[in-house]
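Chemist:
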Amino acid sequence: MPRLTPIPPADLSAEQRPLYDDMKEGIEKNFKGFTAIREDGALIGPWTAWLAEPGFGKASWDLVRALADKPVLPRNVREVAILVTGAHFKSAYELYAHVLVGEMRGLSDEKISTIVAGQRPVDLTREEGVAYDFASALVNGGTLPELTYHTAQKIFTPHGAAELSYLVGLYALVSITLNTFDIPVPEV
(Lines of atoms letter the chains of each structure in order from A and count residues from 1; the text may use other names and numbers.)
(Lines give C-alpha, C1' and ligand atoms only; values in the text may rest on other atoms or scores of the structure.)
Protein backbone atom coordinates (compact mmCIF):
# COMPACT_ATOMS: atom_id res chain seq x y z
CA MET A 1 0.00 0.00 0.00
CA PRO A 2 1.50 3.38 -0.96
CA ARG A 3 2.45 5.77 1.83
CA LEU A 4 1.28 8.73 -0.26
CA THR A 5 -0.96 8.91 -3.28
CA PRO A 6 -0.49 11.62 -5.93
CA ILE A 7 -3.30 14.16 -5.73
CA PRO A 8 -5.25 14.83 -8.93
CA PRO A 9 -5.82 18.57 -9.51
CA ALA A 10 -9.57 18.23 -8.89
CA ASP A 11 -8.87 16.97 -5.34
CA LEU A 12 -6.49 19.73 -4.23
CA SER A 13 -7.35 21.81 -1.18
CA ALA A 14 -7.35 25.61 -1.24
CA GLU A 15 -3.94 25.54 0.49
CA GLN A 16 -2.52 23.04 -2.02
CA ARG A 17 -3.79 24.70 -5.22
CA PRO A 18 -1.36 27.67 -5.45
CA LEU A 19 1.60 25.44 -4.59
CA TYR A 20 0.48 22.91 -7.21
CA ASP A 21 0.13 25.63 -9.84
CA ASP A 22 3.59 27.04 -9.08
CA MET A 23 5.24 23.61 -9.01
CA LYS A 24 3.54 22.48 -12.23
CA GLU A 25 4.74 25.62 -14.00
CA GLY A 26 8.28 25.13 -12.67
CA ILE A 27 8.34 21.44 -13.60
CA GLU A 28 7.23 22.21 -17.15
CA LYS A 29 9.92 24.91 -17.43
CA ASN A 30 12.90 23.33 -15.65
CA PHE A 31 12.42 19.58 -15.21
CA LYS A 32 12.34 17.94 -18.62
CA GLY A 33 13.31 14.45 -19.72
CA PHE A 34 11.54 12.42 -17.03
CA THR A 35 7.98 11.88 -15.84
CA ALA A 36 6.93 14.25 -13.07
CA ILE A 37 3.29 14.83 -14.02
CA ARG A 38 0.79 12.03 -14.57
CA GLU A 39 -1.73 12.13 -17.41
CA ASP A 40 -4.43 13.21 -14.95
CA GLY A 41 -2.28 16.20 -13.92
CA ALA A 42 -1.18 14.80 -10.54
CA LEU A 43 2.43 15.59 -9.63
CA ILE A 44 4.68 12.65 -8.77
CA GLY A 45 8.14 12.34 -7.28
CA PRO A 46 9.01 14.69 -4.41
CA TRP A 47 6.14 16.94 -5.48
CA THR A 48 3.68 14.31 -4.18
CA ALA A 49 5.09 14.70 -0.68
CA TRP A 50 5.37 18.47 -0.89
CA LEU A 51 1.71 18.79 -1.86
CA ALA A 52 0.65 16.46 0.96
CA GLU A 53 2.31 18.82 3.47
CA PRO A 54 2.17 22.23 1.78
CA GLY A 55 3.74 24.05 4.74
CA PHE A 56 6.92 22.02 4.33
CA GLY A 57 6.39 21.63 0.60
CA LYS A 58 6.35 25.34 -0.16
CA ALA A 59 9.60 25.91 1.73
CA SER A 60 11.21 22.99 -0.10
CA TRP A 61 9.91 24.21 -3.46
CA ASP A 62 11.18 27.73 -2.76
CA LEU A 63 14.69 26.30 -2.36
CA VAL A 64 14.31 24.33 -5.60
CA ARG A 65 13.26 27.52 -7.39
CA ALA A 66 16.15 29.51 -5.92
CA LEU A 67 18.64 26.93 -7.18
CA ALA A 68 16.96 26.45 -10.56
CA ASP A 69 16.70 30.16 -11.42
CA LYS A 70 19.94 31.46 -12.94
CA PRO A 71 22.40 28.77 -11.81
CA VAL A 72 26.07 29.65 -12.20
CA LEU A 73 27.32 26.07 -12.18
CA PRO A 74 27.52 24.25 -15.52
CA ARG A 75 24.65 21.80 -15.95
CA ASN A 76 26.91 18.72 -16.17
CA VAL A 77 28.57 19.75 -12.90
CA ARG A 78 25.19 20.12 -11.21
CA GLU A 79 24.16 16.67 -12.42
CA VAL A 80 27.33 15.04 -11.09
CA ALA A 81 26.61 16.49 -7.63
CA ILE A 82 22.94 15.47 -7.78
CA LEU A 83 23.79 11.92 -8.89
CA VAL A 84 26.39 11.55 -6.11
CA THR A 85 23.76 12.62 -3.60
CA GLY A 86 20.98 10.41 -4.98
CA ALA A 87 23.33 7.43 -5.15
CA HIS A 88 24.43 7.95 -1.54
CA PHE A 89 20.81 7.84 -0.36
CA LYS A 90 19.85 5.09 -2.86
CA SER A 91 16.87 7.20 -3.84
CA ALA A 92 15.17 5.37 -6.71
CA TYR A 93 13.08 8.22 -8.12
CA GLU A 94 15.94 10.68 -7.78
CA LEU A 95 18.27 8.38 -9.69
CA TYR A 96 15.61 7.60 -12.30
CA ALA A 97 15.10 11.31 -12.99
CA HIS A 98 18.70 12.46 -12.89
CA VAL A 99 20.16 9.58 -14.89
CA LEU A 100 17.92 10.82 -17.71
CA VAL A 101 18.78 14.48 -17.06
CA GLY A 102 22.49 13.63 -16.79
CA GLU A 103 22.35 12.04 -20.23
CA MET A 104 20.68 15.18 -21.59
CA ARG A 105 23.44 17.30 -19.97
CA GLY A 106 26.16 15.39 -21.78
CA LEU A 107 27.32 12.90 -19.15
CA SER A 108 28.29 9.57 -20.67
CA ASP A 109 26.51 6.37 -19.69
CA GLU A 110 29.80 5.15 -18.21
CA LYS A 111 30.15 8.21 -15.97
CA ILE A 112 26.55 7.98 -14.85
CA SER A 113 26.62 4.26 -14.12
CA THR A 114 29.88 4.57 -12.19
CA ILE A 115 28.49 7.41 -10.04
CA VAL A 116 25.22 5.53 -9.45
CA ALA A 117 27.31 2.54 -8.33
CA GLY A 118 28.89 4.79 -5.68
CA GLN A 119 32.28 5.10 -7.35
CA ARG A 120 34.28 7.98 -8.82
CA PRO A 121 34.60 7.83 -12.61
CA VAL A 122 38.17 8.10 -13.88
CA ASP A 123 37.21 10.32 -16.84
CA LEU A 124 35.56 13.24 -15.05
CA THR A 125 36.48 16.70 -16.28
CA ARG A 126 38.26 18.92 -13.75
CA GLU A 127 34.99 20.69 -12.90
CA GLU A 128 33.04 17.42 -12.65
CA GLY A 129 35.75 15.97 -10.42
CA VAL A 130 35.56 18.90 -8.03
CA ALA A 131 31.76 18.55 -7.92
CA TYR A 132 32.08 14.80 -7.29
CA ASP A 133 34.59 15.26 -4.47
CA PHE A 134 32.60 18.13 -2.93
CA ALA A 135 29.27 16.23 -2.97
CA SER A 136 30.84 12.96 -1.87
CA ALA A 137 32.55 14.58 1.11
CA LEU A 138 29.35 16.30 2.21
CA VAL A 139 27.03 13.29 1.95
CA ASN A 140 29.52 11.12 3.79
CA GLY A 141 29.44 13.45 6.79
CA GLY A 142 31.70 15.85 8.57
CA THR A 143 33.21 19.17 7.60
CA LEU A 144 34.05 19.69 3.95
CA PRO A 145 37.85 19.33 3.61
CA GLU A 146 39.65 22.67 3.33
CA LEU A 147 41.34 21.78 0.03
CA THR A 148 38.01 20.75 -1.54
CA TYR A 149 36.37 23.95 -0.32
CA HIS A 150 39.12 26.21 -1.68
CA THR A 151 39.33 24.32 -4.96
CA ALA A 152 35.57 24.71 -5.48
CA GLN A 153 35.79 28.43 -4.71
CA LYS A 154 38.67 28.84 -7.16
CA ILE A 155 37.01 26.90 -9.99
CA PHE A 156 33.38 27.94 -9.47
CA THR A 157 33.78 31.29 -7.60
CA PRO A 158 32.62 31.66 -3.99
CA HIS A 159 29.02 32.01 -5.20
CA GLY A 160 29.31 28.84 -7.31
CA ALA A 161 30.79 26.90 -4.38
CA ALA A 162 27.90 28.07 -2.20
CA GLU A 163 25.45 27.01 -4.93
CA LEU A 164 27.09 23.59 -4.99
CA SER A 165 26.70 23.26 -1.23
CA TYR A 166 23.02 24.21 -1.28
CA LEU A 167 22.45 21.92 -4.27
CA VAL A 168 23.84 18.92 -2.39
CA GLY A 169 21.77 19.87 0.66
CA LEU A 170 18.63 20.25 -1.43
CA TYR A 171 19.05 16.89 -3.13
CA ALA A 172 19.76 15.25 0.23
CA LEU A 173 16.38 16.66 1.33
CA VAL A 174 14.75 15.48 -1.91
CA SER A 175 16.28 11.99 -1.60
CA ILE A 176 15.30 11.62 2.05
CA THR A 177 11.77 12.81 1.28
CA LEU A 178 11.46 10.30 -1.57
CA ASN A 179 12.81 7.51 0.64
CA THR A 180 10.60 8.42 3.60
CA PHE A 181 7.44 8.11 1.56
CA ASP A 182 8.81 5.28 -0.64
CA ILE A 183 7.87 7.19 -3.76
CA PRO A 184 8.21 4.85 -6.72
CA VAL A 185 9.71 5.29 -10.12
CA PRO A 186 6.90 5.82 -12.62
CA GLU A 187 6.01 3.04 -14.99
CA VAL A 188 7.17 3.95 -18.47
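Quick note on the working numbering: the sequence shown kicks off at 5 and runs consecutively.
We put the CB at the ideal spot given by N, CA and C, even for glycine.
(1) Name the residue from 100, 78, 48 and 95 whose alpha carbon lies nearest to the alpha carbon of residue 135.
(2) Using 8 Å as the Cβ pair cut-off and three pairs as the minimum, do the segment 64-71 and the segment 152-163 touch?
(3) Using the DSSP secondary-structure output, state which residues sit across from residue 47 in a beta bridge.
(4) Given a threshold of 16 other Cβ atoms within 10 Å of its Cβ, counted over all protein chains shown, does residue 126 qualify as buried or as exposed?
(5) Would you mind reading off the limits of the alpha helix (DSSP H) that contains residue 137?
(6) Can you give the Cα-Cα distance for residue 185 and residue 20, rounded to whole angstroms?
(7) Would DSSP call residue 185 helix, strand or coil?
(8) For the alpha helix (DSSP H) holding residue 108, just list the boundary residues, first then last.
(9) I need the straight-line Cα distance from residue 30 to residue 40, nearest angstrom please.
(10) Is it right to say residue 102 is buried, meaning 16 or more other beta carbons lie within 10 angstroms of its own, or is it exposed?
Modeler: This is what the structure holds:
(1) 78
(2) no
(3) 41
(4) exposed
(5) 130-143
(6) 18 Å
(7) coil
(8) 96-108
(9) 11 Å
(10) buried
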